[in-house]
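Numbering (the numbering used here), first residue to last: 14 to 89.
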């Protein structure tokens with residue numbers, strides 16, 4: 014985040030974070046959510062909706078959080 018002074022007020026300008034690559038997202042989905050072959054919409058309930066255990070969701074979120082913290086730490 015970059016702070017700038019203007020019009021007697023401090024404003025914050027943020028740059029959007031880079032979106033993770035499709036391959037990286039698919040790798041994470043495959044690791045935590047077995048049976049997810051693609052992240053593309055296939056317009057079929059059977060193919061687009063998956064049963065996922067709560068511990069798999071927790072594990073994926075924990076890993077994503079740790080990766081985000083590590084990425085932020087390397088940018089300092």
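For every residue, glycine included, the Cβ atom is placed at its ideal position computed from N, Cα and C.
Local conformation of residue i per DSSP, three classes
| i | result |
| --- | --- |
| residue 76 | helix |
| residue 52 | coil |
| residue 63 | coil |
| residue 89 | coil |
| residue 45 | helix |
C-alpha gap between residue i and residue j, whole angstroms
| i | j | result |
| --- | --- | --- |
| residue 36 | residue 54 | 16 Å |
| residue 74 | residue 81 | 10 Å |
| residue 66 | residue 79 | 20 Å |
| residue 71 | residue 43 | 15 Å |
C-beta contact flag for residue i and residue j at 8 Å
| i | j | result |
| --- | --- | --- |
| residue 60 | residue 39 | no |
| residue 46 | residue 77 | no |
| residue 63 | residue 48 | yes |
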